[in-house]
Amino acid sequence: MNKDLEDSRNALKEELDKEARRNNIILYRVPESPANCAAERNEQDRKFCEQLLFGLNIGVSTEDIGKVHRLGRKVEDQVRPVLLQFTNQHIKRLVMENLFRLKSLDAKYSSVSISHDMTPAERTACKALVNEARAKEESEGAQGEWSYRVREMPGRLTIVKFPKVK
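For the sequence shown, the working numbering puts the final residue at 166, and the numbers step up evenly by one.
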């Protein structure tokens with residue numbers, strides 16, 4: 001009885017965590033500001049994110065961006081990821097569907113990678129799927145015709161098969 005109660009509590013916590021992260025994305029390799037004041041660094045991160053999103057040319061305005069926050073403690077010679085929270089899920093979906101345009105942007109944006117904000121359970125499930133996709137690709141060998149990637153939204157992740165580009 002206690003185990004069932006604990007399981008239902010954990011499931012509820014997981015669902016609440018998913019709901020809180022639904023409108024969030026994580027940006028990796030965003031250059032850190034050398035400013036000493038945290039407010040100045042945060043403002044520069046916000047400007048960088050706004051310019052990046054405007055460069056994607058999808059119709060995002062400054063009002064669509066809720067919170068911009070660096071994750072983790074500031075450590076010398078280490079670039080921390082940036083959490084970007086949108087006001088609604090539609091804007092996040094637009095951004096994620098147009099990520100292919102990142103490569104055509106300026107050099108300072110082309111090194112940035114963007115991913116969904118996932119819960120710890122979703123991250124472990126994603127890692128397991130990525131390892132499975134790698135194993136499928138390695139089992140075909142170097143002459144294999146297919147490439148395997150993990151796609152879709154968190155919670156609905158699947159392995160997708162693509163023809164290899166030669």
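Using N, Cα and C, we set each Cβ at its ideal position, and we do this for glycine too.
Around the beta carbon of K92, 16 or more other beta carbons sit within 10 angstroms, so the residue counts as buried. The DSSP-derived three-state label of I91 is helix. Shown here, S113 sits in a strand according to DSSP, grouped into three states.
Taking 8 angstroms as the cut-off, the Cβ atoms of L84 and I65 count as close. The closest CA to that of C49, considering only A125, V112 and C126, is found on V112.
Take I114, set aside five residues on each side of it, and the residues of its chain with a beta-carbon closer than 8 angstroms to its own are I25, I26, L27, Y28, V95, M96, L99 and L102, in chain order.
Counting only residues of its own chain and dropping the five nearest sequence neighbours on each side, L129 has a CB closer than 8 angstroms to the CB of V150, L157, T158 and I159.
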